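Residue numbers (my numbering): 13 to 423.
Here you go:
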């Protein structure tokens, strides 16, 4: 199966009507439907992110989804000084040095989980990535939590919150999967988890992880909840889809080459899989996007997938998209994703570890209930065998961010 045909299934299985609507208007930079603007063009996307004031707390936006996850001012719905301070703290944790300190955490998961694949067995990449993402998030937050349990709680909470805010038919929530219940389960897990020292941070912190010295415990737990949700869900969505595309289009030689070719492959795969394919926003003031007037209160649907050209341009490490286009996967301007270097480093190491094995996809089942388009199961098997565990490090010759990445998938 060709990569694009397979990858299209994660969209059509989860939200067929929504993505059919988006596909129908994708050839126009901006389309107005009543009080909603669908923004598809690259330049229009940048204008919406940088030149139009945003209402970070409006219903139907990422900020509103964040409030479902915790009752506190969070990174996704903050403005002004509070937003800048929170982003500054997070940017420090996710700097190149910070990512390098986290790297041994996910490498140990890779080394252990890929052993069966090297011995001729099969591996579910979604399950492996969930553990990898949960382990990394726990280390980032400075807590001792079961990575699979943390990953499951974060994915359930995100799916429940997104379901409540997504336009369309409201289906009854499965038992225990309504937004309030799912959010409580995640925040309780985080609040009760033992504190441990973050990699390179010295002794364990007291109180709730990531809480500021002057913040109440609900703010610290709320921010930890949001960080876990963002980091885990985007990782679990992106990495299996990127590996499937790499396998289906036979791109492993670029991964095996390492260096700049691997950097280009990482950038191109992220541009095409676009973990967060659309960003729901609301205008906080009047403005203009792509020549279309915007009024205060208008809903903005920023279609990242179209702005990056993911819908028509396949990944090509030999002729990659311009950096300013590839970067839109992580947003742009003051609300760009602080986790870009982490996302690139993790995908880089996964591809480098898998490249000698040239894995092929055996089974792929879309996750219809996930917050982000992705696979529920992606089983792979190696087409070569007997690769030593040390090969996991062959792709890590550059530090995180060496390819020019700048900091979210829509923070």
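We treat Cβ as the ideally placed atom computed from N, Cα and C, and that holds for glycine.
As the structure is a computational prediction, the values presented were derived from the model and not from experiment.
From which residue to which residue does the alpha helix (DSSP H) around residue i run?
i: residue 37; result: No alpha helix (DSSP H) contains residue 37, which DSSP labels as neither H nor E.
i: residue 293; result: Residue 293 -> not in any alpha helix (DSSP H); beta strand (DSSP E) instead, spanning 291 to 294.
i: residue 267; result: 264 to 269
i: residue 317; result: 316 to 319
i: residue 335; result: 335 to 338
Mapping the DSSP letters down to three states, classify residue i as helix, strand or coil.
i: residue 306; result: strand
i: residue 181; result: Only weak support exists for where residue 181 lies, its pLDDT of 45 falling under 50; the value from the coordinates is given anyway. Looking at residue 181 - three-state DSSP - the assignment turns out to be coil, as it is neither helix nor strand.
i: residue 389; result: strand
i: residue 58; result: helix
i: residue 206; result: coil
i: residue 168; result: helix
i: residue 106; result: coil
i: residue 157; result: coil
i: residue 131; result: coil
i: residue 190; result: coil
i: residue 366; result: helix
i: residue 15; result: helix
i: residue 260; result: helix
i: residue 101; result: helix
i: residue 43; result: strand
i: residue 253; result: helix
i: residue 360; result: helix
i: residue 274; result: helix
i: residue 325; result: coil
i: residue 126; result: coil
i: residue 67; result: coil
i: residue 139; result: helix
In angstroms with no decimal places, state the Cα-to-Cα distance between residue i and residue j.
i: residue 17; j: residue 190; result: 32 Å
i: residue 426; j: residue 23; result: Nothing about residue 426 can be read from this structure; the chain reaches only from 13 to 423.
i: residue 328; j: residue 26; result: 27 Å
i: residue 130; j: residue 68; result: 47 Å
i: residue 344; j: residue 111; result: 20 Å
i: residue 278; j: residue 257; result: 12 Å
i: residue 351; j: residue 282; result: 13 Å
i: residue 35; j: residue 333; result: 21 Å
i: residue 43; j: residue 239; result: 32 Å
i: residue 379; j: residue 161; result: 18 Å
i: residue 56; j: residue 358; result: 30 Å
i: residue 121; j: residue 361; result: 11 Å
i: residue 370; j: residue 135; result: 13 Å
i: residue 303; j: residue 340; result: 20 Å
i: residue 147; j: residue 158; result: 8 Å
i: residue 70; j: residue 204; result: 31 Å
i: residue 298; j: residue 305; result: 8 Å
i: residue 267; j: residue 31; result: 31 Å
i: residue 167; j: residue 260; result: 26 Å
i: residue 390; j: residue 128; result: 15 Å
i: residue 364; j: residue 63; result: 39 Å
i: residue 225; j: residue 353; result: Note that residue 225 has pLDDT 34, beneath the 50 cutoff, so the model's placement of it is unreliable and the number below is only indicative. Approximately 27 Å between the Cα atoms of the pair.
i: residue 301; j: residue 165; result: 37 Å
i: residue 65; j: residue 52; result: 18 Å
i: residue 237; j: residue 103; result: 17 Å
i: residue 349; j: residue 342; result: 5 Å
i: residue 58; j: residue 288; result: 16 Å
i: residue 404; j: residue 150; result: Confidence at residue 404 is low in this model, with a pLDDT of 44, below 50, so the placement of that residue should be treated as unreliable; the coordinate-derived value is given next. Cα-Cα distance, rounded: 22 Å.
i: residue 125; j: residue 377; result: 20 Å
i: residue 280; j: residue 338; result: 7 Å
i: residue 46; j: residue 290; result: 19 Å
i: residue 139; j: residue 315; result: 28 Å
i: residue 197; j: residue 322; result: 35 Å
i: residue 372; j: residue 392; result: 5 Å
i: residue 153; j: residue 108; result: 17 Å
How far does the beta strand (DSSP E) with residue i in it extend, from its first residue to its last?
i: residue 300; result: 299 to 301
i: residue 383; result: It is not in any beta strand (DSSP E) - residue 383 carries neither H nor E in the DSSP assignment.
i: residue 51; result: 48 to 51
i: residue 377; result: 372 to 378
Pick out whichever of the options has its Cα sitting closest to the Cα of residue i.
i: residue 54; options: 335, 361, 111 and 374; result: 335
i: residue 50; options: 280, 15, 123 and 295; result: 295
i: residue 195; options: 262, 205, 233 and 289; result: 233
i: residue 119; options: 301, 141 and 128; result: 141
i: residue 41; options: 28, 60 and 338; result: 60
i: residue 318; options: 248, 21, 14 and 33; result: 33
i: residue 202; options: 211, 163, 172 and 174; result: 163
i: residue 367; options: 265, 381, 373 and 275; result: 265
i: residue 307; options: 15, 48, 21 and 14; result: 48
Measuring from the CB of residue i, is there a heavy atom of the ligand MG at a distance below 7 Å?
i: residue 396; result: This structure does not include the ligand MG; it has no bound ligands of any sort.
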